[in-house]
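Residue numbers for the sequence shown follow our numbering, beginning at 5 and rising by one. Note that CB positions come from ideal geometry on N, CA and C, so glycine has one too.
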Amino acid sequence: YDELEKRLGGRGRPVGERRTVADPYLFVLTLWSDMTPVNLDDRPGLKAFRDAMKNDAGVKRALDLQGMA
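Shown next, in the form of structure tokens:
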């Protein structure tokens, strides 16, 4: 997660300005962090990314359909 935080480099997305296939993969990794000792409070870029994805209407709909909302 430290490497992911570093690579995110304060940008809102892992690759470029628009959503790519990397976004949902990174989102899943940030969700999995809840099942580890990793604390995203120590990784503000990843936390902001996860929060933004969670607030996206399409992501909300997908999580709801999967019973994860």
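At a cut-off of 4 residues, the continuous stretches assigned as alpha helix (DSSP H) that sit fully inside the stretch 7 to 54 are 26 to 36. By the C-beta density criterion, P18 is buried, having at least 16 other C-beta atoms within 10 angstroms.
Under the criterion of beta carbons closer than 8 Å, L50 and L44 qualify as touching, at roughly 5 Å. Close CB contacts of A52 within its chain, under the 8 Å cut and outside five residues either way in sequence, are with G16 (chain order).
Residue state for A73 is assigned as coil, using DSSP reduced to three classes. In this structure F31 is in contact with M57, their Cβ atoms being roughly 4 Å apart against a cut-off of 8 Å.
In the displayed model, D68 falls within a helix according to three-state DSSP.
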